[in-house]
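In my numbering, the protein residues as written are 3 to 229.
Using N, Cα and C, we set each Cβ at its ideal position, and we do this for glycine too.
One structure below.
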């Protein structure tokens, strides 16, 4: 596949649903279903960038979308991955764009498990804490077949929220369920920094985003520039 960046389209060229999402995003946007992309227009831009016919492009996948509002005309800026109708010509085509700032091979973004549990697994790993790190550590271990045991000192998030507000409003401390202990980790009640790793060159953060989408998150988080 070939990745092409800086594909710019005026907002007027986008489907109505996409323009609405850009103009006035709301909490209900997640219920509207996936926002359509201007695939035909993007295909034309990719063909122009590569100097080929649009029929030579078999498929196009949007990797990222952002909006440029620095000028009077609002622009949608895309990064797209394309598959050629004849994949055998890809290497030859890319050879014509050495070190091009906007044209390159699509990087390998496949998440690969680092191990697989043996069939005769005796000792199960223990994950201490059910914050974001503990959750995904347990998830990945489970996907590898290790059947992890998760230990969490506090209560589930809903009950923990009540306990925490009890401390803040009534000065009643539950030593086992509070700001520090419980489902969701310490960051549940913190405005500290969040590291999404959306710019990770190894694309490990995309594994997290993929899991979110499989669990019901809107697919837009996979391609929005700032999900």
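**Prompt:** Ordered along the chain, which non-local residues of its own chain (more than five positions away) have a Cβ less than 8 Å from that of residue 45?
**Reply:** 56, 59, 62, 84
**Prompt:** Do residue 65 and residue 54 have their CB atoms nearer than 7 Å?
**Reply:** no
**Request:** Determine the DSSP secondary structure at residue 9, reduced to helix, strand or coil.
**Result:** strand
**Message:** Can you tell me whether residue 78 is buried or exposed? The criterion is at least 16 other CB atoms within 10 Å of its CB, across all chains shown.
**Reply:** buried
**Prompt:** Would residue 48 be called buried (16 or more neighbouring beta carbons within 10 Å of its own) or exposed?
**Reply:** buried
**Message:** Please report the straight-line C-alpha distance between residue 39 and residue 163, rounded to a whole angstrom.
**Reply:** 39 Å
**Request:** Give every residue of the same chain whose Cβ lies closer than 7 Å to the Cβ of residue 177, excluding the five residues on either side of it in the sequence, and list them in chain order.
**Result:** none
**Request:** Ignore the nearest five residues each way along the sequence and tell me which others in residue 27's own chain have a CB closer than 8 Å to its CB.
**Result:** For residue 27, the predicted structure reports a pLDDT of 47, less than 50, and the residue's modelled location is therefore unreliable. A value from the coordinates is still provided. None.
**Option nearest residue 204 by Cα separation, candidates 113, 133, 154, 51** = 113
**Request:** Indicate the three-state DSSP secondary structure (helix, strand or coil) for residue 54 in the structure shown.
**Result:** coil
**Request:** Indicate the three-state DSSP secondary structure (helix, strand or coil) for residue 226 in the structure shown.
**Result:** strand
**Request:** For residue 140, collect the residues of the same chain with a Cβ closer than 7 Å to its Cβ; drop the 5 residues on either side in sequence, then sort them by chain order.
**Result:** 129, 150, 152
**residue 189 versus residue 136 - alpha carbon distance** = 12 Å
**Request:** Measure the Cβ-Cβ separation of residue 43 and residue 11 and say whether it is below 7 Å.
**Result:** yes
**Prompt:** Where does residue 77 sit, in a helix, a strand or coil, going by DSSP?
**Reply:** strand
**Nonlocal neighbours in the same chain, by C-beta distance under 8 Å from residue 104, ignoring five residues either side** = 6, 7, 8, 51
**Asked** Considering residue 62, what are the terminal residues of the alpha helix (DSSP H) in which it resides?
**Response** Element bounds for residue 62: not the alpha helix (DSSP H) but the beta strand (DSSP E), 59 to 70.
**Asked** Since residue 134 is in the beta strand (DSSP E), which residue starts that stretch and which ends it?
**Response** From DSSP, residue 134 is part of no beta strand (DSSP E) but of the alpha helix (DSSP H) over 134 to 145.
**Request:** Quick one: give me the first and last residue of the alpha helix (DSSP H) that residue 210 is part of.
**Result:** 207 to 216
**Message:** Let's test the definition: count the other Cβ atoms within 10 Å of the Cβ of residue 173 and tell me whether it reaches 16, buried, or not, exposed.
**Reply:** exposed
**Prompt:** Closest by CA to residue 124, which one among 148, 115, 111?
**Reply:** 148
**Request:** Starting from the Cα of residue 182, find the closest Cα among 131, 223, 68 and give me that residue.
**Result:** 131
**Item:** residue 169: first and last residue of the uninterrupted alpha helix (DSSP H) it sits in
**Value:** 159 to 172
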